[in-house]
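Using our numbering, the first residue of the sequence shown is number 525, and each one after it goes up by one.
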Amino acid sequence: MKISTRVNHPPSVAVPADNRPLVAPIYQSVKFTFDDVAETERQSRGQREGFQYSRVSNPTLQQLSLTLAQLQGRDGCLLTSSGVAAVNLALLALCKQGDHVMLFAEMYQPTRYMIRRLLARYGVTHTMLSIEDTVGIEQALAAKPTRLVIFESPSNPVLKIADIEAITAAARRHGALTVLDNTFAGFHNHGQFDIDVFVHSLTKYASGHGDVMGGAVIARSELIDKMRQDFIVIGATLDPHTAFLIQRGLKTYALRYERQCANALHVARFLEGHPQVASVTYPGLSSHPQYQLAQRQMLDAGTIVSVELKEPGVAPASFANALKLFAISASVGSTESLVQPGQLMKPRDLNDSEQQWAAVTERTMRLSIGIEDAEDLVADLHQALAAI
Numbered sequence: 525m526k527i528s529t530r531v532n533h534p535p536s537v538a539v540p541a542d543n544r545p546l547v548a549p550i551y552q553s554v555k556f557t558f559d560d561v562a563e564t565e566r567q568s569r570g571q572r573e574g575f576q577y578s579r580v581s582n583p584t585l586q587q588l589s590l591t592l593a594q595l596q597g598r599d600g601c602l603l604t605s606s607g608v609a610a611v612n613l614a615l616l617a618l619c620k621q622g623d624h625v626m627l628f629a630e631m632y633q634p635t636r637y638m639i640r641r642l643l644a645r646y647g648v649t650h651t652m653l654s655i656e657d658t659v660g661i662e663q664a665l666a667a668k669p670t671r672l673v674i675f676e677s678p679s680n681p682v683l684k685i686a687d688i689e690a691i692t693a694a695a696r697r698h699g700a701l702t703v704l705d706n707t708f709a710g711f712h713n714h715g716q717f718d719i720d721v722f723v724h725s726l727t728k729y730a731s732g733h734g735d736v737m738g739g740a741v742i743a744r745s746e747l748i749d750k751m752r753q754d755f756i757v758i759g760a761t762l763d764p765h766t767a768f769l770i771q772r773g774l775k776t777y778a779l780r781y782e783r784q785c786a787n788a789l790h791v792a793r794f795l796e797g798h799p800q801v802a803s804v805t806y807p808g809l810s811s812h813p814q815y816q817l818a819q820r821q822m823l824d825a826g827t828i829v830s831v832e833l834k835e836p837g838v839a840p841a842s843f844a845n846a847l848k849l850f851a852i853s854a855s856v857g858s859t860e861s862l863v864q865p866g867q868l869m870k871p872r873d874l875n876d877s878e879q880q881w882a883a884v885t886e887r888t889m890r891l892s893i894g895i896e897d898a899e900d901l902v903a904d905l906h907q908a909l910a911a912i
């Protein structure tokens, strides 16, 4: 072969069956081949195992899918290029014209946008309530056939705890599916509940290092199989190299989460006693309105602390600017600690009543706690409060 042919047809290197790599390789290939057309056709029909095109399936993505499904206690998982893509593709795959969706004011703004703006264009109606309105949830489900109920717990950013058992029971009674954005709680939480579909942003705790984006939809296999073709055609596929990095990040998931939760409790206790702090919301504090519910539902209290600064003593933006270890950032779940002021999170798409439910003010501070030394984090918060 001449050089231009050789470099495009390199020699194959076979790894013996008893000589496996400790870390699975990255299958950074869009295309896979078979030796003949008949076998290619058999794979297309689902009559044999294998891969053809990475938008449909890829060995690296499959390993990550299997890992995440097992962590969440389900048997099926679809991967997407971002957390928002996971939410949106699940909604698109599960809803059709004429369906009705229940959502809540205390949830991620892009999820509200998708339902209230985009799905509405295609004839999907909705009802929005407060996640605390368990009576209203039952009444609304009884009043109108509902395709699905989508919610999150703890809520972003003020950490309200949904009564998952009550919501899932009501949805089941009235024939609705339940979709839980479980990003804040993590893969190790809420698997015991009768949730039909879990969605996660892998950008957060799965990766943990703030350097990749991804999303996951996790459910029992029959639901995943129904959604799979829609996901393939829409095409928001996770890249194999990104999947490899997320799989690598998962190796320290439990260690990171344990340290972050311990740090979060330490920070929450410090802030709760500070004279310039009006209130601290953290599910691990007995002062949390739903402390007992959180204790029953979750194995831990999470890594996010929500703070309301006193008025008029502390200027919120000045407080965020004065922090040295907490970076001003819109995301959560990184090994570094992050802060997001209320003026950047206030839900401007909600009316006055709905904003009361969401409970985000200009003085709200969302702290995403990292794995730094807890005393260093407290010292940083102390100096920032003192400096202003």
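Just so you know, even glycine gets a beta-carbon here, dropped at the ideal spot from N, CA and C.
Sequence-distant Cβ neighbours of F755 in its own chain, meaning closer than 6 Å and more than five residues away, are L602, L613. The criterion of a C-beta distance shorter than 9 Å is satisfied by L817 and I685. For the pair F711 and F722, the Cα-to-Cα distance works out to about 9 Å.
Within the region 823 to 897, the alpha helix (DSSP H) runs of at least 4 residues that lie entirely inside it are, in chain order, 840 to 846, 876 to 882.
Looking at the backbone, the Cα of G894 and that of H812 are separated by about 21 Å. For the options V682, M525, L726, the alpha carbon positioned closest to that of T591 is the one of L726. Rounded to the nearest angstrom, the Cβ distance from N713 to L823 is 6 Å, consistent with a contact under 8 Å. If you draw a straight line from the Cα of T584 to the Cα of A593, it is about 15 Å long.
Judged by DSSP in its simplified three-state form, V648 adopts coil rather than helix or strand.
One alpha carbon belongs to E563, the other to Y551, and they sit about 21 Å apart. Within its own chain, the residues whose Cβ lies closer than 6 Å to the Cβ of Q814, once the five positions on either side in sequence are excluded, are I685, listed in chain order.
Closest in C-alpha terms to R783, from the list H765, G826, P634, comes G826. In the DSSP assignment, S725 forms a beta bridge with G739. 9 Å or more divides the Cβ of G715 from the Cβ of G857.
DSSP, reduced to helix, strand and coil, places H624 within a strand of the structure shown. Between the C-alpha atoms of V863 and S830 there is a straight-line separation of about 10 Å. For the pair Q771 and A846, the CB atoms are not nearer than the 9 Å cut-off. Between E676 and L704, the gap from beta carbon to beta carbon is short of 9 Å.
In this structure E886 touches G866 by the C-beta definition: roughly 5 Å separates them, less than 8 Å. Rounded to whole angstroms, the gap between the alpha carbons of R640 and H650 is 7 Å.
Put simply, of V757, L909, R697 the residue whose alpha carbon is nearest the alpha carbon of P799 is L909. Closest by C-alpha distance to E832, out of I748, T859, R890, is R890. Rounded to the nearest angstrom, the Cβ distance from V801 to I912 is 13 Å, too far for a contact under 8 Å. Residue L627 holds the alpha-carbon nearest to the alpha-carbon of T670 among L627, P678, A690. In the same chain as V902, and ignoring 5 residues on each side of it, the C-beta atoms closer than 8 Å to its own belong to H790, V791, F794, in chain order. Of the residues assessed, K728 falls on the buried side of the cut-off, its CB having 16 or more other CB atoms within 10 angstroms. Within its own chain, the residues whose Cβ lies closer than 7 Å to the Cβ of V884, once the five positions on either side in sequence are excluded, are P681, V682, G866, M869, K870, P871, listed in chain order. Residues of the same chain with a CB within less than 7 Å of the CB of T692, apart from the 5 flanking positions on each side, are T702, F717, D718, I719 in chain order. N787 is classed as buried because its beta carbon has at least 16 other beta carbons within 10 Å across all chains shown. Rounded to whole angstroms, G647 and L874 show a C-alpha spacing of 21 Å. If you check the CB distance, L546 and D623 do not come in under 9 Å. R530 counts as exposed, since fewer than 16 other beta carbons sit within 10 angstroms of its beta carbon.
With contacts defined by Cβ atoms closer than 9 Å, E746 and A694 do not form a contacting pair. Shown here, T761 sits in coil according to DSSP, grouped into three states, outside any helix or strand. Boundaries around C601 are those of the beta strand (DSSP E), 600 to 604, since no alpha helix (DSSP H) includes it.
Ranked by how close their Cα comes to the Cα of S578, the residues V537, N706, A778, A760 have A760 in first place.
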